[in-house]
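Take a look at the structure set out below.
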Amino acid sequence: MGSSKPDVSPEKEFFFDKSGMDRGRVQGLVDSYVGSGDDGELFLEYAVSESFAVDDGRLKNASFDTAQGFGLRAVAGDATGYAHAAELSEDAIARAGETVRAVQAGKSGQLALPPVGTNQSLYSADNPLLGPDFGTKIKLLEDIDAYGRAKDPRVRQLSCSLSGEWRIVEIIRPGGQTVRDIRPLVRLNVSVIVGEGDRQEAGSYGAGGRTGYSTYLQPDTWQPFVDEALRQAVVNLESVPAPAGEQTVVLGNGWPGILLHEAIGHGLEGDFNRKKTSAFAGLLGERIASPGVTVVDDGTLTDRRGSLTVDDEGTPTANTVLIEDGILKGYMQDRLNARLMGAQPTGNGRRQSFAHMPQPRMTNTYMLAGGHDPAEIIASVDKGIYAVSFGGGQVDITSGKFVFSCTEAYLIENGKIGAPVKGATLIGNGPDVLTRVSMIGNDLALDPGIGTCGKNGQGVPVGVGQPTLKIDRLTVGGTAA
C-alpha cells in the first residue's frame, strides 16, 4: 500500500529479492527514462490465480497460473509511450525505456506531482491461495452440487465454480516515490438449469470480494447461493412472454445498478469527457438528472470487489460524487486526463495488468438511497414491469443509448407484482433515463461481488448498486404477440 511513512512490511523488497534487480539502479532507470517527461511510472506486478469448476457433480476444470512483469510509461502532453515485458530485469526495463522515451518531444517540461500517500488498507494482505487445501475446495463444490440436486428434483444441470487470486503491485515514480498494494480476490458462483417437460430455464447466483476463502466454505454462506439460483430458475419456469412498448419500469435494488454502471457510469469517465465523446461532456454544474438522484463512485469500501487501497497509478481511491441531487458534479479521473482537464485525479486510474496502460475506470459505482419504501413504489404503478436482475447489455457512450436483457422480471398490475415475464429488454438513453426517475427507494444495496467491467479490451473487477427506482416511460422490448 502507499504510505507517507517508511514501509517496513516484508513485501517491501518482494520484486527485488525475487528478480535480483537492484532498487537503486532501477530507480535510476525510471528517473532517466520517465523523469524528463510530464508523468509516468514503472508498474511492477506479480499475480497467482486458481480456479475450479464442477459440472454435474464432476470436476471439469482446475487451473493454476502465475504471471509477473512490468509496464513502463512515459507521458508527454497527451501522448503516451508504453512498453511492457514478462521479464523482471534491469536490461528489460532499459530496453523498454528506449521505447517510451520517444514520446517526450511533446513534453511541457514540468513533471506532474506524485500522488498523495495513504496509510489506509481496505483489505487483508493474506494470500487466499495459501488457505484451504485442494481437497477442501473441491469438496465445497461437490457439496454444492449434492445440495442443489437434493433440494429440487427438477434440476437438470448444476454448475459451480470457485476462483481466487493474490496480486502484489509496486509503482515506482521518478524522484523515489514508491507505492505498494497487495490485493486478494475470490469469487464463488452457482448456476442451475431446471426443467418441466420440454421447458428448461436457468438461474444463477454468486458473490465475492477482496477476502479469503474461509467465509465461502461455510454452509450458512453457500447454501443461500444455491437456494437463490434455484429460485430464479423456478420462477422463470412460470414466466409468460413480456409485453412490449413504453411502460413504467421499476428497477430492483442491488445488481440492477449494472444498468447505471453501463448506461451512465462510463459516460462520466474522464477520457470520454476530455475528448468530448460522452453525452455528458461540458455539462458540469448543470442538471442532468431528477432531483434526489445522487451517484457516487467509491473505491474505499472495505473488502469490496471493486475497491482498491490505491489505483494502478498509486493514487488513493476516493468517494467521488459524480451527480448530486441531479446536478453533475464531477468525473472519474486518472492522472493523464485530470492534468489535461485541470482537475484532480480521483483514484480511478486502473489497468487489467502490467501489459496494459491505465485509463479512467469505475470502482464501486452506485446511487444513494431516497425516501420511499419499495412497497410504496410498486403500489404507485398501475401497469408496468418490475426488473429484478439483468444479463447482458450494449451501450453507446457517445449517444448514451442502451439495450439490456432482463433475466428476472415481473408484470406490475394495479400496484401489485404479478406474473414473471420472459424476454424483456430495456431500451433507452442513459442521460434521458436519469431525468425520468420519479421515485427512489430507501433500500440501497450493493451487488454481491460479481461484476467485471470491460473497456478498450481490458477487464477489471467492479461493484455496482442502487436502491429500488421507479422510471417513467421507458421502452420495453418484449416477446408477447
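Residue numbers for the sequence shown follow our numbering, beginning at 4 and rising by one. The beta-carbon is built from N, C-alpha and C at its ideal position, and this holds for glycine as well. Owing to the predicted nature of the structure, the values given are computational and were not obtained by experimental measurement.
Residue span of the alpha helix (DSSP H) that contains W169, given as start and end
Where W169 is concerned, there is no enclosing alpha helix (DSSP H), although the beta strand (DSSP E) it sits in stretches over 158 to 175.
For chain C, find out if any of its Cβ atoms is closer than 8 angstroms to the Cβ of P451; answer yes or no.
In summary, chain C is missing from the structure at hand, where a single protein chain is found.
Label D129 either buried or exposed according to how many other C-beta atoms from any shown protein chain fall within 10 Å of its C-beta, with 16 as the threshold for buried.
exposed
Neighbourhood of P319 by C-beta distance below 6 angstroms, restricted to the same chain and skipping five residues each side
T121, V313, G350, listed in sequence order.
List in chain order: all unbroken alpha helix (DSSP H) runs of 4+ residues lying wholly within the region 106 to 157.
Counting whole runs of 4 or more residues, the region 106 to 157 contains the alpha helix (DSSP H) stretches 137 to 154.
Does the Cβ of S207 have 16 or more other Cβ atoms within 10 Å, making it buried, or fewer, making it exposed?
With 16 or more other CB atoms across the displayed protein chains lying within 10 angstroms of its CB, S207 is buried.
What runs of the alpha helix (DSSP H), each 4 residues or longer, lie entirely inside the region 352 to 385?
377 to 382
Can F357 and G31 be called in contact, C-beta distance under 8 angstroms?
It is not a contact, given that the beta carbons lie outside the stated cut-off.
Cβ-based neighbour list, P434, same chain, cut-off 8 angstroms, excluding 5 preceding and 5 following:
I267, G270, A282, F283, I291, G403
Can you give the Cα-Cα distance for Q123 and A321, rounded to whole angstroms?
Their Cα atoms are separated by approximately 12 angstroms.
Going by alpha carbons, who is nearest to G167 out of Q180, V189, L447?
V189
Taking the DSSP output, what are the residues bridged to R183?
E173
Which first and last residues belong to the beta strand (DSSP E) in which Y219 is found?
Counting along the chain, no beta strand (DSSP E) covers Y219, and no H or E run does either.
So which of S194, Y216, G285 has the shortest CA-CA distance to G209?
S194
If you draw a straight line from the C-alpha of G345 to the C-alpha of V298, how long is it?
Cα-Cα distance, rounded: 22 angstroms.
Note the first and the last residue of the continuous beta strand (DSSP E) segment covering M24.
Per DSSP, M24 belongs to no beta strand (DSSP E) and is neither H nor E.
In angstroms with no decimal places, state the Cα-to-Cα distance between A70 and P131.
16 angstroms
Flag this pair as yes or no: are the beta carbons of D450 and M365 separated by less than 8 angstroms?
no
The beta strand (DSSP E) that contains D68, what's its start and end?
Its beta strand (DSSP E) spans residues 61 to 79.
Would you tell me roughly how many angstroms separate the C-alpha atoms of D136 and S127, rounded to the nearest one?
For D136 and S127, the distance between alpha carbons rounds to 19 angstroms.
Where does Q315 fall in DSSP's three states?
A small correction: the amino acid at residue 315 is Asp; Gln does not occupy that position in the sequence shown. D315 falls in the coil class under three-state DSSP.
Residues near V11 in its chain [Cβ-Cβ closer than 6 angstroms; skip 5 each side]
For V11, the predicted structure reports a pLDDT of 35, less than 50, and the residue's modelled location is therefore unreliable. A value from the coordinates is still provided. Within the same chain, V11 has no close Cβ partners at all.
Could you compute how far the alpha carbon of D385 sits from the alpha carbon of G396?
27 angstroms
For V440, which of helix, strand or coil comes out of DSSP?
strand
Could you tell me the alpha carbon to alpha carbon distance between R61 and S54, rounded to whole angstroms?
15 angstroms
Please report the distance separating the alpha-carbon of G421 from that of Y413.
Counting only the Cα atoms, Y413 lies some 6 angstroms from G421.
For R202, I'd like the list of residues in its chain whose CB is within less than 6 angstroms of its CB, leaving aside the five on either flank, ordered along the chain.
Nothing meets the Cβ criterion.
What whole-angstrom Cβ distance do A105 and A95 have, given they're in contact under 8 angstroms?
Wrong, their Cβ atoms sit about 17 angstroms apart, outside the cutoff.
Separation of G466 from T303, as counted between CA atoms:
Rounded to the nearest whole angstrom, the C-alpha separation of T303 and G466 is 11 angstroms.
Assuming contact is defined by CB atoms lying nearer than 8 angstroms, are R308 and R213 in contact in what I supplied?
It is a contact, given that the beta carbons lie within the stated cut-off.
Note down the Cα distance separating G452 from G426, rounded to an integer number of angstroms.
25 angstroms
Residues that DSSP places opposite I291 in a beta bridge
Beta-bridge pairing links I291 to no other residue.
Flag this pair as touching only if the region 327 to 335 and the region 373 to 388 have three or more C-beta atom pairs under 8 angstroms; answer yes or no.
no
According to DSSP, is S39 helix, strand or coil?
coil
Inter-residue spacing [alpha-carbon to alpha-carbon] between I415 and E272
35 angstroms
Are the beta-carbon atoms of F393 and L477 separated by less than 8 angstroms?
no
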